[in-house]
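In this note's numbering, the protein residues as written are 40 to 365. Idealized CB from N, CA, C, for every residue including glycine. Bear in mind that the values here come from a model prediction, so they are computed numbers and not experimental data.
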Amino acid sequence: MHTDDKIRVAVLRGGPSSEYEVSLKTGAGVLAHIPRERFLPFDVFIDRAGVWHENGLARRPEVILRNTDVAFNALHGEWGEDGGVQEILDAFGARYTGSGRFASRLAMQKAFAKSALEKQGVRTPVWRVLHIGDAAGDSAVALHRSFPQPSVIKPAGLGSSVGVSIVRTIPEIADALARAFAVSGIVLVEEYIDGKEATVGMIDGFRGQELYALLPIEIVPAKGSSFFDYDAKYGGQSQEICPGRFTKEESTELQNVAAHVHRTLGLRHYSRSDFIIHPRRGIYFLEVNTLPGLTPESLLPKSLTAVGSSLSEFLAHVLDLAVAGR
Numbered sequence: 040m041h042t043d044d045k046i047r048v049a050v051l052r053g054g055p056s057s058e059y060e061v062s063l064k065t066g067a068g069v070l071a072h073i074p075r076e077r078f079l080p081f082d083v084f085i086d087r088a089g090v091w092h093e094n095g096l097a098r099r100p101e102v103i104l105r106n107t108d109v110a111f112n113a114l115h116g117e118w119g120e121d122g123g124v125q126e127i128l129d130a131f132g133a134r135y136t137g138s139g140r141f142a143s144r145l146a147m148q149k150a151f152a153k154s155a156l157e158k159q160g161v162r163t164p165v166w167r168v169l170h171i172g173d174a175a176g177d178s179a180v181a182l183h184r185s186f187p188q189p190s191v192i193k194p195a196g197l198g199s200s201v202g203v204s205i206v207r208t209i210p211e212i213a214d215a216l217a218r219a220f221a222v223s224g225i226v227l228v229e230e231y232i233d234g235k236e237a238t239v240g241m242i243d244g245f246r247g248q249e250l251y252a253l254l255p256i257e258i259v260p261a262k263g264s265s266f267f268d269y270d271a272k273y274g275g276q277s278q279e280i281c282p283g284r285f286t287k288e289e290s291t292e293l294q295n296v297a298a299h300v301h302r303t304l305g306l307r308h309y310s311r312s313d314f315i316i317h318p319r320r321g322i323y324f325l326e327v328n329t330l331p332g333l334t335p336e337s338l339l340p341k342s343l344t345a346v347g348s349s350l351s352e353f354l355a356h357v358l359d360l361a362v363a364g365r
């Protein structure tokens, strides 16, 4: 702790990721809303090459962290959420917000996460993993014949719906595989389930509860968009209703499954799980975000508002958890 008795918070944003721009916005939101009575936040910009900067000057991570009480991880996507930056922070004994490196890596690799969760009884759409070598020859034809259509094709290790396609025909499958393999060596193919989209935020130790479930949000994609893709998430075209138009039973089950996901994967501080609700078959888990966005367009701040909280209260709470080593 420093002489002014304020907790020095390094807000990490940017990074070598497909979600670089969103991370800059999340970081800006965090810097603007951290309560200044107790915390002294400062901006740590990490460029696309992974070089850390403080006050416009390139500095080694250990130099910045030496003068830091806690780091707020405002990164997104690969390196920020897959254990990469967590490994650096762990190497220098830094305290930081969000999940640790092993849980982050497991959650970011969608196939590993789905496999672990299925073993714990979490229902997820039928899925298959393809490796880049499988893309040769007639894999689009084989996939069309052997897998339920329509299907969703997405990179196995990216977030924010980057490189995701919904496909029905052989040419669409071939095109989607090419696009997904362009950004990832491993691709996940998933059965497409038509239904209401939902997302649920979880917070450790909030309001006296060991694990606090925020109200489920209903996501209504914009006309012409068949799902909540990157543009829908950050372009403001989708409609987000909080609390969502779910039955009491659906809301309770969504919250219970999101809590089960958070615990099973060993996540820390906060997370946000995405679901689809089929009108007859019920709730399916899609994926979990270990560092959900905190931009003005993001879902977690909206669900905080819906329970009478605020981004400032949430940030102070998460920083307190990190400082306490919880």
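Given residue i, which residues of its chain have a CB within under 7 Å of its CB, disregarding the five upstream and five downstream residues?
i, result
"TYR59", "GLY53 and ARG87"
"GLY139", "GLN125 and ARG307"
"LEU360", "ASP243, GLY244 and HIS308"
"ILE171", "PHE220 and GLY224"
"PRO318", "GLY234"
"GLU279", "ILE256, ILE258, LEU338 and LYS341"
"ILE375", "There is no way to answer for residue 375, as the model of the chain reaches only from 40 to 365."
"LEU156", "THR163, VAL300, THR303 and PHE324"
"ALA298", "MET241, LEU250 and ALA252"
State buried or exposed for residue i, treating a residue as buried only when at least 16 other CB atoms are found within 10 Å of its CB.
i, result
"ARG320", "exposed"
"THR65", "buried"
"LEU227", "buried"
"LYS158", "exposed"
"GLY364", "exposed"
"PRO210", "exposed"
"LEU96", "exposed"
"THR107", "buried"
"LYS287", "exposed"
"SER310", "buried"
"GLY347", "exposed"
"SER62", "buried"
"ALA181", "exposed"
"GLU76", "exposed"
"SER190", "buried"
"ASN295", "exposed"
"GLY247", "exposed"
"GLY160", "exposed"
"ARG144", "buried"
"SER204", "buried"
"VAL165", "exposed"
Might you give, ordered along the chain, the residues of its own chain that have their beta carbon closer than 8 Å to the beta carbon of residue i, omitting 5 neighbours on each side?
i, result
"HIS356", "ILE242, GLY244 and PHE245"
"ARG162", "GLY321, ILE322, TYR323 and PHE324"
"SER223", "PRO194, ALA195, GLY196, LEU197 and GLY202"
"GLY176", "Per-residue confidence for GLY176 stands at a pLDDT of 46, beneath the threshold of 50, marking its modelled position as unreliable; no derived number is given."
"SER351", "HIS72, ILE73 and PRO74"
"PHE141", "GLY122 and GLY305"
"PHE285", "LYS235, ALA237, PRO255, GLU257, LEU293 and ILE316"
"ASP18", "Here the chain covers residues 40 to 365 and nothing more, so residue 18 does not appear."
"LEU358", "ILE46, VAL48, ILE73, PHE78, VAL109, PHE111 and THR136"
"VAL168", "ALA150, ALA195, ILE225, VAL226, LEU227 and VAL228"
Taking only three categories from DSSP, how would you classify residue i?
i, result
"ARG302", "helix"
"THR65", "helix"
"THR329", "coil"
"SER199", "With a pLDDT of 49 at SER199, under the threshold of 50, the predicted position of this residue should be treated as unreliable, and no value is reported."
"ALA237", "strand"
"PHE285", "coil"
"SER348", "coil"
"GLU336", "coil"
"ALA355", "helix"
"THR163", "coil"
"ARG365", "coil"
"ALA133", "coil"
"LEU360", "helix"
Short of 6 Å in beta carbon distance, which residues of its chain neighbour residue i, apart from the five on each side in sequence? Order them along the chain.
i, result
"GLU101", "PHE131"
"GLU326", "LYS149 and ASP313"
"PRO55", "ARG87, GLY89 and TRP118"
"THR334", "LYS64, THR65 and GLY68"
"GLY123", "none"
"ARG218", "GLY202"
"PRO80", "VAL48, VAL50, LEU70 and ILE73"
"GLY274", "Per-residue confidence for GLY274 stands at a pLDDT of 49, beneath the threshold of 50, marking its modelled position as unreliable; no derived number is given."
Tell me residue i's beta-bridge partners as DSSP assigns them.
i, result
"HIS170", "ILE225"
"HIS317", "GLY321"
"ALA190", "The amino acid at residue 190 is misidentified as Ala; the sequence shows Ser. Paired residue(s): VAL206 and GLU230."
"LEU278", "The sequence as given places Gln at residue 278; Leu does not occur at that position. Note: GLN278 sits in a beta bridge opposite VAL259."
"ILE242", "TYR251 and TYR309"
* Asked: What are the start and end residues of each continuous beta strand (DSSP E) run of 3 or more residues lying completely inside the segment 45 to 130, in chain order?
  -> 46 to 53, 78 to 85, 91 to 93 and 109 to 112
* **In chain order, each alpha helix (DSSP H) run of at least 4 residues that lies wholly inside the segment 135 to 161** => 140 to 147 and 149 to 158
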